[in-house]
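**Q** Take a look at the following structure, please.
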Amino acid sequence: MASVDGISIVVPTIGRPTLTDLLDRLRPQLLDPPVPVELLVVRDVDRRGPAATRNRGWRDARYEWVAFLDDDVLPPPDWLAALARDLRAPADVGGVQGRLVVPVRERTDWAACTAGLERAWWATADMAYRRTALARAGGFDERFPRAYREDADLAYRVTRLGYRLVLGERRTTHPVRAESPWVSLRGQRGNADDALLRRLWGPQWHDLLAAPRGRRRRHAGTVALALAGLGLAALGRRRAATVAALGWAAATAEFTAARLRAAPGARRELVPLVVTGVLIPPLAIGNWLAGWYRHRGARPWSAALCVCPDPIQSRVVEEDEWMPSNPRR
0 MASVDGISIV
10 VPTIGRPTLT
20 DLLDRLRPQL
30 LDPPVPVELL
40 VVRDVDRRGP
50 AATRNRGWRD
60 ARYEWVAFLD
70 DDVLPPPDWL
80 AALARDLRAP
90 ADVGGVQGRL
100 VVPVRERTDW
110 AACTAGLERA
120 WWATADMAYR
130 RTALARAGGF
140 DERFPRAYRE
150 DADLAYRVTR
160 LGYRLVLGER
170 RTTHPVRAES
180 PWVSLRGQRG
190 NADDALLRRL
200 WGPQWHDLLA
210 APRGRRRRHA
220 GTVALALAGL
230 GLAALGRRRA
240 ATVAALGWAA
250 ATAEFTAARL
260 RAAPGARREL
270 VPLVVTGVLI
280 PPLAIGNWLA
290 GWYRHRGARP
300 WSAALCVCPD
310 PIQSRVVEED
320 EWMPSNPRR
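The sequence shown begins at 0 in numbering that gives the first Met the number 0 and counts up by one.
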């Protein structure tokens, strides 16, 4: 196995209180590290988002291996030693992902979303890359302003350079932080990032990035039924408007039922669940259209980057897009 000369740990943060808990977990491990280690805590002072903040971190790193941690995770006491073992990898391994553990006491809508991180691929809540691979791939795409899809986009570009990404043995706990039951509305902003990926990688981007397809097409159908009902009512075609309204109601009810199946604990938040079920489809489609327009001039990544013919080889976890954009930040 290859040796590890040193590790740069990069923690992007907006200064949340959870950062203190993370640093308290890391501090004892840094006193007697298995290899030379530097810790870079990078504050997002200009609010450009985690992609830009991580880029500042790894570009200042001195070691070849750069490990990214989110500021709300809790690494166990042996995390650094396990990380050093994970990084003793062959030269063709460009990145090693940690295993995220999400303890869930009650499966609410938000908790179900956070628990999805246990099945997420290449999540930068705990992900290490070779600095060389980051530089060759161009780093994180700073056109992604939030913590959503930017890690999958980078992972795909790294694999297209011929590197392998592997799952390590280290584990990190990602708690379910307190959130409003209305958080899923804010999460629909992530649909604009999906539109950017469509511009960058074409209609096959879900398959290339091993990203869940979600419910956007069904949301579009729900919105179409609502608009049809309103239009027909305005034209005085009551019977046709009633049929469209019933179709909208059925689609909305199915959506709410699907959320309840995924998160039984959400029954305690029934009013927000029902209201957000009505609002999410138009918000999802509206944000996607806004992103499609905003990124109309986005140029696809250079074909010279894509030297490896195979996309990421990983399983695709189907998740509904009613889940917030990303629970990690």
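Note that beta-carbon positions come from the ideal geometry of N, C-alpha and C, so glycine has one too.
Alpha carbon to alpha carbon, how far is leucine 208 from proline 299?
**A** Straight-line Cα distance between these residues: approximately 15 Å.
**Q** Sort out for me which residues DSSP pairs threonine 12 with in a bridge.
**A** Beta-bridge pairing links threonine 12 to Arg42.
**Q** Looking at the strands, I want to know which residues DSSP matches up with valine 65.
**A** Ser7, Tyr128
**Q** When you compare only the Cα positions, how much space is there between arginine 145 and arginine 238?
**A** 44 Å
**Q** Just verifying my parser: in three-state terms, what is the DSSP assignment at glycine 97?
**A** strand
**Q** Exposed or buried, what is threonine 19 when buried is set at 16 or more other beta-carbons lying within 10 Å of its beta-carbon?
**A** exposed
**Q** Sort out for me which residues DSSP pairs arginine 333 with in a bridge.
**A** Outside the shown range of the chain, which is 0 to 328, sits residue 333, and nothing can be said about it.
**Q** Please classify glutamate 37: does DSSP put it in a helix, a strand, or coil?
**A** Note: glutamate 37 maps to strand in three-state DSSP.
**Q** Three or more C-beta pairs closer than 8 Å, one from the stretch 149 to 164 and one from the stretch 245 to 263: is that the case here?
**A** Cβ pair count under 8 Å is below three, so no.
**Q** In the structure shown, what three-state DSSP assignment does arginine 87 receive?
**A** Coil.
**Q** At a threshold of 7 Å, does valine 40 count as lining the ligand HEM (C-beta to nearest heavy atom)?
**A** In the structure on display, the ligand HEM does not appear, and there are no ligands present to speak of.
**Q** Hey, would you say proline 11 sits closer than 8 Å to aspartate 59, going by beta carbons?
**A** no
**Q** If you reduce the DSSP assignment to three classes, tell me which class valine 103 lands in.
**A** Of the three classes helix, strand and coil, the one that applies to valine 103 here is coil, per DSSP.
**Q** Using only CA atoms, which one of Thr251, Gly97, Glu105, Leu195 lies nearest to leucine 116?
**A** Gly97
**Q** Extract the residue ranges of the alpha helix (DSSP H) inside the stretch 130 to 160, only unbroken runs of 4 or more that lie entirely within it.
**A** Here the runs fully enclosed are 130 to 136, 149 to 159.
**Q** Locate the alpha helix (DSSP H) running through histidine 294, then write down its first and last residues.
**A** Note, histidine 294: premise wrong, no alpha helix (DSSP H); not H, not E.
**Q** Using CA atoms only, rank isn't needed, just tell me which of Pro271, Leu22, Ala297 is closest to tryptophan 109.
**A** Pro271
**Q** Could you give the uninterrupted runs of the beta strand (DSSP E) lying entirely in the stretch 185 to 263, keeping only those of 3 residues or more?
**A** none
**Q** According to DSSP, simplified to helix, strand and coil, what is arginine 24?
**A** helix
**Q** Assuming the contact rule is C-beta atoms closer than 8 Å, valine 36 and glycine 5 should be a hit. Round their C-beta distance to whole Å, please.
**A** 7 Å
**Q** Whose C-alpha, out of Leu73, Asn54, Arg46, Gly14, is nearest the C-alpha of arginine 26?
**A** Of the listed residues, the one whose Cα sits closest to arginine 26 is Leu73.
**Q** Classify glutamine 203 as buried or exposed, calling it buried when 16 or more other Cβ atoms lie within 10 Å of its own Cβ.
**A** Glutamine 203 sits exposed, since fewer than 16 C-beta atoms from the chains shown fall within 10 Å of its C-beta.
**Q** Starting from threonine 123, follow the alpha helix (DSSP H) in both directions and report where the run begins and ends.
**A** No alpha helix (DSSP H) holds threonine 123; DSSP gives it neither H nor E.
**Q** If I measure Cβ to Cβ from proline 91 and keep anything under 8 Å in the same chain, skipping five residues before and after, which residues do I get?
**A** The sequence as given places aspartate at residue 91; proline does not occur at that position. So the qualifying residues of the chain are Gly161, Tyr162, Arg163.
**Q** Can you give the Cα-Cα distance for arginine 61 and threonine 131, rounded to whole angstroms?
**A** 12 Å
**Q** In whole angstroms, give me the CA-to-CA distance for alanine 256 and tyrosine 292.
**A** 32 Å
**Q** From threonine 171 to aspartate 193, what distance separates their C-alpha atoms?
**A** 27 Å
**Q** Once DSSP output is grouped into helix, strand and coil, what is the label at valine 92?
**A** strand
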